[in-house]
Amino acid sequence: MKLIQLLENIEYTCVQGSLETDVKSVVYDSRKVEKDSLFLCIKGAVSDGHKYAEEVVRKGASVLVVQDPVPVPEGVTVIRVADSRYAMACISAAWFEHPAEKLKVIGITGTKGKTTTTYLVKSILENAGYKVGLIGTIEAIIGEQVIPAANTTPESYIVQEYFAKMVKAGCDCVVMEVSSQGLMLHRTAGFLFDFGIFTNIEPDHIGPNEHKDFEDYMHCKGLLFQQCKVGIVNADDKHLEQVLEGHTCQIETYGLTEKADLWAKDLELINGKGVLGIRYEAQGLMDFPVEIDLPGKFSVYNSLTAIAICRHFGVSTENIQKALRAAKVKGRIEMVKVSDEFTLMIDYAHNAMSLESLLTTLKEYKPKRLVCLFGCGGNRSRLRRYEMGEVSGKLADLTIITSDNPRNEEPQAIIDDIKTGIHKTNGKYVEIIDRKEAIAYAIHNGQPGDVIVLAGKGHEDYQEIQGKKYPMDERDLIRDILAGK
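So the mapping is simple: the numbering used here equals the position in the sequence shown, first residue as 1, plus 257.
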C-alpha cells in the first residue's frame with residue numbers, strides 16, 4: 258500500500274522522503290520490523306519508540322512516523338505528527354481497509370459492569386441470529402477463535418486487526434469494552450462507534466501511569482460520547498452530566514426511575530436450588546417482564562443496558578428474555594452448582610470496592626451464612642490487603658483466607674496482612690494457604706442456606722508463583738474436589 262493512502266485521515270508533515278513510498282507492513286514493536294516496514298515511534302510508560310529509530314532503519318524500515326525529531330539517513334521517509342498514538346490508530350484503520358465501517362460497533366465504558374454487559378449483549382444478539390465478535394477484559398472472540406486478553410482495550414493496531422478478522426469471519430457486529438486508558442491513549446481512535454454505552458463511574462484507576470485525578474478519569478470516559486452515533490447511558494449515575502460534557506451524539510437513558518427512557522420497576526429477588534437471581538418489569542421504550550440468574554441491583558442495570566442496545570437491532574421480546582435467562586459470564590458472579598442446599602459462586606472481585614459491592618448485594622438475599630474465600634496478589638499494594646480483610650471481616654460471617662497470585666512474595670506474609678484488616682472487625686476467619694484445600698474446606702463445610710463466594714481469581718486459569726504461571730482454574734478444582742481427587 259502507498260504511504261499516502263495510510264495518511265489520508267491525519268494531519269502530518271513530510272520531513273523527508275516520498276509519500277509514494279510502498280509500505281509492506283505497519284509495525285510499532287521494533288522487534289517485528291522487516292524490509293519496507295512503516296515503524297510508529299510510540300511513547301509508552303516504560304519505553305519510547307523514538308529510541309529505536311536507527312535500529313529499525315538498519316532492519317529495513319522505509320518509513321518512520323514520529324512526534325519528536327529523530328536522526329535517520331536520507332532515503333528513509335519521516336512523517337511528523339502531533340501525537341504518534343493517534344496517528345497509529347488512523348494508520349492502522351487505513352491499513353486494514355477500515356473494517357469498522359463494515360460492522361456495527363458497540364463500545365461499553367464504565368467503572369463496573371463492562372464485562373458482564375458485553376457478554377449479555379453478545380448472548381442476546383446471537384440468540385436473535387446475529388454473528389457477534391467480542392473484545393474485552395477476559396478475551397477476544399472472533400468466530401470460533403478465542404484469544405486471551407492482555408489489556409481490556411488492546412492497542413489500536415490490534416483493535417483494527419481484530420475488526421478485520423471479524424469481517425472475514427462473517428461477523429455482523431462487535432461488542433467491546435472501552436477502558437478510560439484505551440480512550441486516553443487513542444486505542445479506539447480512527448473509527449466511529451455506532452453505540453457508546455456508559456454503565457457507571459466511581460473513583461478508580463487514579464495514580465501514576467493512569468489518571469491524575471477523578472476529573473481526568475471522568476473526562477476520558479466521556480471521550481467515547483464524542484466518537485459515537487448514539488449514546489446509551491445510566492440516568493441514575495450522579496456524575497452523568499460531567500461524563501457527557503461535550504458529547505456530540507444522540508442520547509438515550511436507562512435506570513430505575515421513570516425519568517429514564519427505559520426503566521425497571523417491581524424488583525424481586527429470586528433465591529432457590531443453588532441459584533440467586535432477580536426479576537423485574539422493563540418499562541418505557543420496551544415493556545415486558547425480565548428474569549435473570551444473576552443477583553443484585555447491578556445485574557438489573559447490566560441487563561437494562563443490554564436490552565437498550567439490542568432494541569436497536571430489532572430483537573424480539575421473546576429472544577431478549579430467553580437470552581438473558583441463559584447468559585453466563587465467566588468469573589463474574591458465576592454460579593457453579595455443587596448442591597441444592599447452598600450456593601457457590603466465582604467472582605473476580607479483587608479490591609475492597611468490588612468486594613464490598615458484591616458482599617453487600619449477596620447479604621440482601623439473607624443467606625444463613627455468607628462465606629467469603631479470597632487472597633491478595635503479591636508484589637501489589639499492602640493497603641489493598643488491609644482493606645479487603647476489613648471489608649470481608651465486616652460483611653461475611655466467615656472469611657477463608659488463602660492464596661491468590663503470590664508472585665514473588667511469601668503467601669503467609671500476604672495472609673498476615675489480610676488478617677491485619679480482619680482484626681479491625683469481629684469477623685470469624687480461618688486461614689488455609691493452599692487454594693484448592695481452602696475451596697475443599699468451603700464446600701465440605703457448606704450448610705443449608707449458605708452463600709459461598711470464591712473471590713479474586715474470576716476468569717483467570719492460572720496461579721503465578723515466583724515468576725511462573727501454573728495452570729489453576731477454580732472450576733477444575735471444584736470438579737476434582739467433588740470427585741474426591
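Idealized CB from N, CA, C, for every residue including glycine.
Supposed close pair residue i, residue j - CB separation, criterion 8 Å
{"i": "PRO728", "j": "TYR719", "result": "6 Å"}
{"i": "LYS516", "j": "ALA492", "result": "6 Å"}
{"i": "LYS685", "j": "ASP654", "result": "7 Å"}
{"i": "VAL389", "j": "VAL431", "result": "7 Å"}
{"i": "MET441", "j": "THR375", "result": "That belief does not hold up - the Cβ atoms of MET441 and THR375 are roughly 20 Å apart, past 8 Å."}
{"i": "ALA351", "j": "LEU263", "result": "5 Å"}
{"i": "LEU529", "j": "SER596", "result": "Going by the sequence as given, residue 529 is Gly instead of Leu. The pair is not a contact, with the Cβ atoms about 12 Å apart (cut-off 8 Å)."}
{"i": "ALA310", "j": "VAL327", "result": "4 Å"}
{"i": "GLY479", "j": "GLN507", "result": "That belief does not hold up - the Cβ atoms of GLY479 and GLN507 are roughly 15 Å apart, past 8 Å."}
{"i": "PHE353", "j": "PHE420", "result": "7 Å"}
{"i": "PHE780", "j": "LYS714", "result": "Beyond the ends of the chain as shown, which are 258 and 742, falls residue 780; an answer cannot be given."}
{"i": "GLY572", "j": "ILE381", "result": "At residue 572 the sequence reads Val, which differs from the Gly that was named. VAL572 to ILE381, Cβ: 6 Å. Contact."}
{"i": "THR574", "j": "PHE545", "result": "5 Å"}
{"i": "VAL708", "j": "TYR622", "result": "7 Å"}
{"i": "ILE566", "j": "ILE363", "result": "6 Å"}
Limits of the unbroken alpha helix (DSSP H) element including residue i
{"i": "THR574", "result": "574 to 583"}
{"i": "VAL648", "result": "639 to 652"}
{"i": "GLN399", "result": "Strictly speaking, residue 399 in this sequence is Ile, with Gln absent from that position. Careful: ILE399 lies outside any alpha helix (DSSP H), inside the beta strand (DSSP E) at 396 to 399."}
{"i": "SER611", "result": "609 to 620"}
{"i": "ILE261", "result": "260 to 263"}
{"i": "LYS371", "result": "371 to 384"}
{"i": "LYS685", "result": "That residue, LYS685, is in no alpha helix (DSSP H); its beta strand (DSSP E) goes 685 to 688."}
{"i": "LEU440", "result": "437 to 441"}
{"i": "THR562", "result": "554 to 567"}
{"i": "VAL272", "result": "Note, VAL272: premise wrong, no alpha helix (DSSP H); beta strand (DSSP E) at 270 to 273."}
{"i": "ALA310", "result": "310 to 315"}
{"i": "ASP473", "result": "471 to 479"}
Beta-carbon spacing of residue i, residue j below 7 Å
{"i": "THR618", "j": "GLY650", "result": "no"}
{"i": "PRO552", "j": "LEU581", "result": "no"}
{"i": "VAL593", "j": "ILE735", "result": "yes"}
{"i": "ALA712", "j": "PHE631", "result": "yes"}
{"i": "THR409", "j": "ARG589", "result": "no"}
{"i": "THR394", "j": "ALA407", "result": "no"}
{"i": "ASN665", "j": "GLY635", "result": "yes"}
{"i": "GLN511", "j": "LEU524", "result": "In the sequence as presented, Gln is not what sits at residue 511; that position holds Tyr. No. Outside cutoff."}
{"i": "LEU481", "j": "THR366", "result": "yes"}
{"i": "ASN756", "j": "LYS579", "result": "Because the chain spans 258 through 742 in this model, residue 756 falls outside it and cannot be assessed."}
{"i": "SER436", "j": "TYR474", "result": "no"}
{"i": "VAL557", "j": "ALA609", "result": "no"}
{"i": "LEU526", "j": "ILE535", "result": "yes"}
{"i": "LEU295", "j": "VAL280", "result": "yes"}
{"i": "ILE690", "j": "PRO668", "result": "yes"}
Proximity winner among the options, relative to residue i (alpha-carbon distances)
{"i": "VAL500", "options": "HIS607, ALA517 and ASN457", "result": "ASN457"}
{"i": "THR600", "options": "LEU321, HIS701 and GLY541", "result": "HIS701"}
{"i": "ASP340", "options": "GLY488, GLN402, GLU311 and GLY306", "result": "GLY306"}
{"i": "HIS476", "options": "GLY503, VAL490 and ASP451", "result": "GLY503"}
{"i": "ASN559", "options": "LEU263, LYS585 and VAL687", "result": "LYS585"}
{"i": "GLY646", "options": "THR656, PHE570 and VAL435", "result": "THR656"}
{"i": "GLU459", "options": "ALA302, SER614 and MET602", "result": "SER614"}
{"i": "GLN240", "options": "ILE365, LYS359 and GLN402", "result": "With the chain covering 258 to 742 only, the question about residue 240 has no answer from this structure."}
{"i": "CYS485", "options": "SER638, GLY386 and THR505", "result": "THR505"}
{"i": "VAL333", "options": "GLY274, ARG637 and ASN384", "result": "GLY274"}
{"i": "VAL768", "options": "GLU509, VAL435, VAL362 and THR270", "result": "In this structure the chain extends from 258 to 742, so residue 768 is not present and cannot be described."}
{"i": "GLU717", "options": "HIS607, ASN266, MET423 and LEU526", "result": "HIS607"}
{"i": "GLU312", "options": "LYS300, VAL272 and SER287", "result": "SER287"}
{"i": "VAL284", "options": "VAL314, ASP707, ILE679 and LYS422", "result": "VAL314"}
{"i": "ASP550", "options": "ARG637, ASP325, CYS567 and MET602", "result": "MET602"}
{"i": "VAL335", "options": "CYS298, SER304 and LYS371", "result": "CYS298"}
{"i": "HIS496", "options": "PHE455, GLU688 and ARG637", "result": "PHE455"}
{"i": "GLY386", "options": "ASP429, GLN324, GLU472 and SER611", "result": "ASP429"}
{"i": "ASP737", "options": "LYS300, ILE696, GLN402 and LYS308", "result": "ILE696"}
Extent of the continuous beta strand (DSSP E) to which residue i belongs
{"i": "LYS676", "result": "LYS676 -> not in any beta strand (DSSP E); alpha helix (DSSP H) instead, spanning 668 to 679."}
{"i": "CYS347", "result": "Run containing CYS347: none in the beta strand (DSSP E); it sits in the alpha helix (DSSP H), 341 to 352."}
{"i": "TYR511", "result": "507 to 512"}
{"i": "GLY534", "result": "532 to 541"}
{"i": "LEU739", "result": "LEU739 -> not in any beta strand (DSSP E); alpha helix (DSSP H) instead, spanning 731 to 739."}
{"i": "ARG337", "result": "334 to 337"}
{"i": "ASP494", "result": "Premise fails: ASP494 is in no beta strand (DSSP E) and is neither H nor E."}
{"i": "LYS522", "result": "519 to 529"}
{"i": "ALA699", "result": "That residue, ALA699, is in no beta strand (DSSP E); its alpha helix (DSSP H) goes 692 to 701."}
{"i": "PHE545", "result": "545 to 549"}
Within-7 Å CB hit, residue i to chain B
{"i": "TYR727", "result": "Here there is only one protein chain, and chain B is not present."}
I want to know whether the region 631 to 647 touches the region 663 to 680 - three or more CB-CB distances under 8 Å.
yes
Taking 8 Å as the threshold, find out whether the region 336 to 348 comes into contact with the region 441 to 448 through three or more Cβ pairs.
yes
Are there three or more Cβ pairs, one per stretch, closer than 8 Å when the region 318 to 333 is compared with the region 274 to 293?
yes
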